[in-house]
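Before any comments, here is the structure.
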Amino acid sequence: MKSIVLSFLGLFALLLTACSGSDTYRGKWKGMTPDGEKVEITFEAKSFSIADSTKKATTLSYSQNAVNIANGVETYGIKLDDGRGYKINFPIANDESVGLIKDENDNIIYTISRKDYIKSEDIYRLK
Numbered sequence: 125m126k127s128i129v130l131s132f133l134g135l136f137a138l139l140l141t142a143c144s145g146s147d148t149y150r151g152k153w154k155g156m157t158p159d160g161e162k163v164e165i166t167f168e169a170k171s172f173s174i175a176d177s178t179k180k181a182t183t184l185s186y187s188q189n190a191v192n193i194a195n196g197v198e199t200y201g202i203k204l205d206d207g208r209g210y211k212i213n214f215p216i217a218n219d220e221s222v223g224l225i226k227d228e229n230d231n232i233i234y235t236i237s238r239k240d241y242i243k244s245e246d247i248y249r250l251k
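Here's what the structure looks like:
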């Protein structure tokens, strides 16, 4: 019985770590750091790339490991292959066109928008 439970938990963990990214955040984004550095972020199913102003891109693999939707505000958790975790948060209810990428301590790493480069103060001003 114990081995059956362990097998089930192992299968569940495998499925959880194999999850690809949500369609909500897949695609191209204009990102901005809190310091004002502009980047282009492109999310694919299991990887994303960040290109700086020189168009030099860094690609990182990830898996989606969490989804939280409360009062129309969506937050997706992703885990990088190196163990770092991030949250992709859409703080305006029912609006997936602007968001925030935060670290595990809720520090803002990037603001993201489908159309324009935007500061975090401007996102909260839109609410």
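First residue of the sequence shown? That's 125 in the working numbering, and the numbers climb one at a time after it.
Here a beta-carbon is modelled for each residue, glycine too, at the ideal position from N, C-alpha and C.
No experiment lies behind these values; they were computed from the predicted model shown.
Is residue i helix, strand or coil by DSSP?
{"i": "aspartate 246", "result": "helix"}
{"i": "asparagine 231", "result": "coil"}
{"i": "serine 221", "result": "coil"}
{"i": "isoleucine 212", "result": "strand"}
{"i": "threonine 199", "result": "strand"}
{"i": "arginine 238", "result": "coil"}
Measure the C-alpha to C-alpha separation of residue i and residue j and round it to an integer number of angstroms.
{"i": "glycine 201", "j": "threonine 166", "result": "16 Å"}
{"i": "leucine 204", "j": "arginine 249", "result": "31 Å"}
{"i": "aspartate 240", "j": "methionine 156", "result": "10 Å"}
{"i": "arginine 238", "j": "alanine 194", "result": "22 Å"}
{"i": "lysine 226", "j": "tyrosine 234", "result": "7 Å"}
Output needed for residue i: all residues of its chain with C-beta closer than 8 Å, excluding positions within five of it in sequence on either side, in chain order.
{"i": "glutamate 220", "result": "Thr148, Tyr149, Glu198, Phe214"}
{"i": "serine 185", "result": "Lys170, Ser171, Leu204, Asp205"}
Quick test of your reading: residue i and residue j, contact by CB under 8 Å. State the CB separation rounded to the nearest angstrom.
{"i": "alanine 175", "j": "valine 191", "result": "Not really, about 27 Å apart at Cβ, beyond 8 Å."}
Beta-carbon within less than 7 Å of residue i's beta-carbon, same chain only, minus the 5 sequence neighbours each way: which residues are those?
{"i": "glutamate 228", "result": "Gly209"}
In chain order, what residues of the same chain lie with their CB nearer than 6 Å to the CB of residue i, ignoring the 5 residues before and after it?
{"i": "threonine 183", "result": "Ser171, Ser173"}
{"i": "serine 244", "result": "Ile232, Thr235"}
query = What are the start and end residues of each continuous beta strand (DSSP E) run of 3 or more residues lying completely inside the region 156-194, in chain order?
reply = Whole beta strand (DSSP E) segments, 3+ residues: 162-167, 171-175, 181-194.
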